[in-house]
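These notes concern the structure reproduced below.
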Amino acid sequence: QVQLVESGGGLVQPGGSLRLSCAASGSSFTIYTMGWYRQAPGKQRELVAVITSGSNTNYADSVKGRFTISRANARNTVYLQMNSLKPEDTAVYYCNALVTGVGNSWGQGTQVTVSS
Numbered sequence: 020q021v022q023l024v025e026s027g028g029g030l031v032q033p034g035g036s037l038r039l040s041c042a043a044s045g046s047s048f049t050i051y052t053m054g055w056y057r058q059a060p061g062k063q064r065e066l067v068a069v070i071t072s073g074s075n076t077n078y079a080d081s082v083k084g085r086f087t088i089s090r091a092n093a094r095n096t097v098y099l100q101m102n103s104l105k106p107e108d109t110a111v112y113y114c115n116a117l118v119t120g121v122g123n124s125w126g127q128g129t130q131v132t133v134s135s
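In this text, residue positions in the sequence shown follow our numbering: the first is 20, and each later residue adds one.
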């Protein structure tokens, strides 16, 4: 069992920045990929960014050049630096981890609201 705890969401004005963090904990696990997804009201959950244990990354087209995903493998922690935020980035952001022998694990979600 792997637990993911997110932090760093909140309210920010358009053009502002936020940094999300997600820490994984549990007993004896190996994480392959970690990533961030988001779900806006009335929409399906979508991939925002993902990073492998080898630091290969993939981003949604809508966030390329504005968001940066990074990972601290030793601490099983993933970060999402979000710059130049837009109102359309408003959503609940979920941390995801693909864990060897377990499958997908999800965090509880953190709200990001971009509004003036």
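Ideal Cβ placement from N, Cα and C applies to all residues, glycine included. Keep in mind it's a predicted model, so treat the numbers as computed, not measured.
Using the DSSP secondary-structure output, state which residues sit across from asparagine 115 in a beta bridge. The sequence position of residue 115 within the sequence shown is 96, counting from 1. Paired residue(s): Gly54 and Trp125.
Valine 97 and valine 21 closer than 8 Å at C-beta: As a first step, residue 97 must be located in the sequence shown, where it is residue number 78. As a first step, residue 21 must be located in the sequence shown, where it is residue number 2. Against a cut-off of 8 Å, the Cβ pair of valine 21 and valine 97 comes out as no contact.
Taking all protein chains shown into account, decide if alanine 116 is buried (16 or more other Cβ within 10 angstroms of its Cβ) or exposed. Residue mapping note: residue 116 aligns to position 97 of the sequence shown, counting from 1. Buried, because 16 or more other Cβ atoms sit within 10 Å of the Cβ of alanine 116.
Report the rounded CA-to-CA distance for alanine 93 versus alanine 42, giving the unit in angstroms. What you label residue 93 is simply residue 74 of the sequence shown in a count that begins at 1. What you label residue 42 is simply residue 23 of the sequence shown in a count that begins at 1. About 11 Å.
Alpha-carbon to alpha-carbon, alanine 68 and asparagine 77: The residue labelled residue 77 in the question sits at position 58 within the sequence shown. The residue labelled residue 68 in the question sits at position 49 within the sequence shown. Those two C-alpha atoms are separated by around 6 Å.
Could you spell out the range, first to last residue, of the beta strand (DSSP E) harbouring leucine 104? The sequence position of residue 104 within the sequence shown is 85, counting from 1. Unbroken run through leucine 104: none, as it is neither H nor E.
Leucine 104 to lysine 62, Cα distance in whole Å? To locate residue 104, count along the sequence shown from 1; it is residue 85. To locate residue 62, count along the sequence shown from 1; it is residue 43. Straight-line measurement puts the Cα of lysine 62 at about 19 Å from the Cα of leucine 104.
Determine whether the beta carbon atoms of isoleucine 70 and isoleucine 50 lie at a separation below 8 Å. Your numbering for residue 70 matches position 51 in the sequence shown. Your numbering for residue 50 matches position 31 in the sequence shown. Contact: no.
Which of helix, strand or coil DSSP assigns to asparagine 95: The residue given as residue 95 occupies position 76 in the sequence shown. Note: asparagine 95 maps to coil in three-state DSSP.
Relative to the C-alpha of leucine 66, which candidate in Asn75, Pro106 and Tyr56 has its C-alpha closest? The count along the sequence shown starts at 1 and reaches residue 66 at position 47. Per the Cα distances, Tyr56.
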